[in-house]
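Participant:
Protein chains: 2
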Amino acid sequence: MSIDQLLKEHAQTKSLVKGAHAFRQGDRDESLYVVQTGLLKAYYILPDGKESIKTFLKPGSMIGSLSANYNGGACTFNLVALQDARLSQLPFTVLLEGARKSHEIAREVIEFLLALYMKKEQREYELLSLPAAERYQRLCAEDPDLIEQVTQNDIALYLGITPVALSRIKKRLQLSEDGGHH
Amino acid sequence: MSIDQLLKEHAQTKSLVKGAHAFRQGDRDESLYVVQTGLLKAYYILPDGKESIKTFLKPGSMIGSLSANYNGGACTFNLVALQDARLSQLPFTVLLEGARKSHEIAREVIEFLLALYMKKEQREYELLSLPAAERYQRLCAEDPDLIEQVTQNDIALYLGITPVALSRIKKRLQLSEDGGHH
DNA sequence: AATGCGCATTAACCCGGGTTAAGAGGAGCG
DNA sequence: CGCTCCTCTTAACCCGGGTTAATGCGCATT
Chain A
31 MSIDQLLKEH
41 AQTKSLVKGA
51 HAFRQGDRDE
61 SLYVVQTGLL
71 KAYYILPDGK
81 ESIKTFLKPG
91 SMIGSLSANY
101 NGGACTFNLV
111 ALQDARLSQL
121 PFTVLLEGAR
131 KSHEIAREVI
141 EFLLALYMKK
151 EQREYELLSL
161 PAAERYQRLC
171 AEDPDLIEQV
181 TQNDIALYLG
191 ITPVALSRIK
201 KRLQLSEDGG
211 HH
Chain B
31 MSIDQLLKEH
41 AQTKSLVKGA
51 HAFRQGDRDE
61 SLYVVQTGLL
71 KAYYILPDGK
81 ESIKTFLKPG
91 SMIGSLSANY
101 NGGACTFNLV
111 ALQDARLSQL
121 PFTVLLEGAR
131 KSHEIAREVI
141 EFLLALYMKK
151 EQREYELLSL
161 PAAERYQRLC
171 AEDPDLIEQV
181 TQNDIALYLG
191 ITPVALSRIK
201 KRLQLSEDGG
211 HH
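This is the structure:
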């Protein structure tokens with residue numbers, strides 16, 4: 031028994047048109063989503079009304095508000111489609127029950143959480159130690175498609191800066207490229 | 031079978047005097063540590079030689095370099111005692127084997143990873159959205175003892191700023207306190 | 001008492017990013 | 001065609017934090 035099988039047997043399909051939300055901050059959506067097609071972003075609305083982007087999601091990504099489950103709270107972020115998207119939706123209860131019954135699923139869940147944690151740790155490291163310009167360059171290097179598909183506004187919010195600042199950074203980078211080679 | 035029992039049966043005790051390291055960046059230490067007594071910090075040395083503090087550890091905390099295990103890599107950070115400390119050391123292999131055999135342990139591991147992930151997510155949120163002054167105030171509110179026991183230098187490195195900046199922030203805060211009440 | 005060391009404070013200067021606002025280029029639509 | 005909306009760019013100004021360096025202070029050592 032694996033997570034894939036669980037999905038095949040118990041997941042519902044959820045289709046979203048561009049701009050539609052899967053769930054919003056404050057909702058009590060207790061499901062795991064797996065992206066089949068499309069592109070989405072998970073984002074916070076901060077107390078001061080500003081937006082901060084947690085992550086982008088491409089086909090194959092899984093997401094769900096863990097805190098909505100772990101301690102019975104509400105979703106802490108929003109999930110919206112940047113392009114038409116199709117998701118598989120699986121109640122967390124089904125997943126956790128699966129983990130109780132199957133070692134394989136438990137192992138997969140542990141694996142998944144480990145990977146998730148390490149990605150977050152990597153991001154924390156970058157936020158603490160790298161200037162915005164370098165964070166941008168790394169993002170470009172590691173996921174060039176994303177830069178194409180997402181507005182500069184959203185890239186900036188993901189990097190933790192404003193679109194204006196990102197525009198300046200891009201200019202500086204291309205200047206030092208042009209002037210740099212001798 | 032629980033993690034506590036595993037520890038009782040298989041863990042070794044490791045004692046550290048103030049300033050001694052449990053492991054260092056680059057080591058291949060594949061153990062889980064549980065703090066019994068003392069105070070420790072986990073920190074990175076950045077490429078430019080600067081230090082960045084990942085977390086402080088008080089009795090009851092667990093830690094270990096997940097990436098040293100998850101993908102057979104080396105430790106990505108250092109663990110050092112800020113005060114004399116006593117740790118329980120358990121090989122990860124024992125823990126993972128335990129999780130394979132016991133649902134209870136698997137559940138505890140999942141629980142632990144979930145909690146770990148949510149703490150990181152919280153920190154990411156704060157790094158992205160809060161100014162340094164507010165991050166400091168939150169830290170003071172949520173863990174006042176820590177502020178007492180740790181040098182201002184380390185507090186600053188944990189907050190992602192320099193000790194100089196933290197000193198300025200403290201001054202500003204106490205000014206706005208004194209001037210603030212009317 | 002004198003020396004040295006680590007830690008905290010303060011000041012002066014610089015720079016990156018935030019803020020606001022203006023303008024430029026496309027894309028869609030009447 | 002002109003209009004609007006959206007995205008990106010650029011400029012001007014401000015401010016927080018980094019950097020460096022000087023100073024002060026407690027504490028340990030001798």
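Protein chains in written order, with the working numbering: chain A, 31 to 212; chain B, 31 to 212. No residue lacks a Cβ here, since even glycine has one placed at the ideal position from N, Cα and C.
Is there a Cβ from chain B that is less than 8 Å from the Cβ of A:R168?
Facilitator: Start at 1 with the first residue of the first sequence, and residue 168 of chain A comes out as number 138. No, no contact with chain B.
Participant: In angstroms with no decimal places, state the Cα-to-Cα distance between A:L46 and B:T85.
Facilitator: To locate residue 46 of chain A, count along the first sequence from 1; it is residue 16. To locate residue 85 of chain B, count along the second sequence from 1; it is residue 55. Approximately 39 Å between the Cα atoms of the pair.
Participant: Give every residue of the same chain whose Cβ lies closer than 7 Å to the Cβ of A:N183, excluding the five residues on either side of it in the sequence, and list them in chain order.
Facilitator: Indexing the first sequence from 1 puts residue 183 of chain A at position 153. So the list reads P193, once near-sequence residues are dropped.
Participant: What is the rounded straight-line gap between the Cα of A:S82 and the Cα of A:I75?
Facilitator: By 1-based counting over the first sequence, the position of residue 82 of chain A is 52. By 1-based counting over the first sequence, the position of residue 75 of chain A is 45. Near 7 Å, if we compare the C-alpha coordinates of A:I75 and A:S82.
Participant: Counting along the chain, where does the alpha helix (DSSP H) carrying B:S159 start and finish?
Facilitator: Sequence index remark: in the second sequence, residue 159 of chain B carries index 129 (1-based). Counting along the chain, the alpha helix (DSSP H) containing B:S159 begins and ends at H133 to S159.
Participant: Compare the beta carbon distance of B:F142 and B:M92 with 8 Å and say whether it is the shorter of the two.
Facilitator: The sequence position of residue 142 of chain B within the second sequence is 112, counting from 1. The sequence position of residue 92 of chain B within the second sequence is 62, counting from 1. It is a contact, given that the beta carbons lie within the stated cut-off.
Participant: What three-state label does DSSP hand A:K48 in the structure shown?
Facilitator: One-based indexing of the first sequence puts residue 48 of chain A at position 18. Note: A:K48 maps to coil in three-state DSSP.
Participant: Taking A:R153 as the query, report the chain B residues whose CB atoms sit under 7 Å from its CB, ordered along the chain.
Facilitator: Your numbering for residue 153 of chain A matches position 123 in the first sequence. Under the 7 Å cutoff, chain B gives E154.
Participant: Whose CA, out of A:P174, A:E172 and A:R165, lies closest to the CA of A:A195?
Facilitator: Residue numbering aside, residue 195 of chain A sits at position 165 when the first sequence is read from its first letter. Among A:P174, A:E172 and A:R165, the Cα nearest to that of A:A195 belongs to A:R165.
Participant: Would DSSP call A:L205 helix, strand or coil?
Facilitator: Working through the first sequence from its first residue, we reach residue 205 of chain A at position 175. The answer is helix: DSSP assigns A:L205 an H, G or I state.
Participant: Quick check on this structure: which residue in B:L189, B:S118 and B:S61 has the alpha carbon closest to the alpha carbon of B:G102?
Facilitator: Taking the first residue of the second sequence as position 1, residue 102 of chain B is located at position 72. Closest option to B:G102, Cα to Cα, is B:S61.
Participant: When the Cα of A:A115 is compared with those of A:M31, A:S206 and A:K44, which residue comes out closest?
Facilitator: Position 85 of the first sequence, counted from the start, is the residue given in the question as residue 115 of chain A. The residue with the shortest Cα to Cα distance from A:A115 is A:K44.
Participant: Beta-carbon separation of B:V65 and B:K88 under 8 Å?
Facilitator: Taking the second sequence and counting its residues from 1, the one referred to as residue 65 of chain B is at position 35. Taking the second sequence and counting its residues from 1, the one referred to as residue 88 of chain B is at position 58. Contact flag set, yes.
Participant: List, in order along the chain, the chain B residues whose C-beta lies closer than 9 Å to that of A:Y74?
Facilitator: Taking the first sequence and counting its residues from 1, one reaches residue 74 of chain A at position 44. Chain B residues near A:Y74: Y155, L158 and S159.
Participant: What's the gap between the Cα of B:K80 and the Cα of A:L117?
Facilitator: What you label residue 80 of chain B is simply residue 50 of the second sequence in a count that begins at 1. What you label residue 117 of chain A is simply residue 87 of the first sequence in a count that begins at 1. B:K80 and A:L117: Cα-Cα distance of roughly 43 Å.
Participant: B:A163 versus chain A: which residues are under 8 Å apart at the beta carbon?
Facilitator: As a working mapping, residue 163 of chain B is identified with position 133 in the second sequence. Within chain A, no residue comes near B:A163; the closest Cβ sits about 15 Å away, beyond 8 Å.
Participant: I want to see whether chain B comes within less than 8 Å of A:R58, judged by CB atoms only; does it?
Facilitator: Here residue 58 of chain A corresponds to residue number 28 of the first sequence, with the count starting at 1. Judged by the 8 Å Cβ criterion, A:R58 is not in contact with chain B.
Participant: B:Y147 versus chain A: which residues are under 8 Å apart at the beta carbon?
Facilitator: The count along the second sequence starts at 1 and reaches residue 147 of chain B at position 117. The contacting residues are L96, L143, L146, Y147 and K150.
Participant: Would you grab the beta carbon distance between A:A145 and A:A136 for me? Rounded to a whole angstrom, and I think it's under 8 Å.
Facilitator: By one-based count along the first sequence, residue 145 of chain A stands at place 115. By one-based count along the first sequence, residue 136 of chain A stands at place 106. Actually they do not touch by this definition, with Cβ atoms about 15 Å apart.
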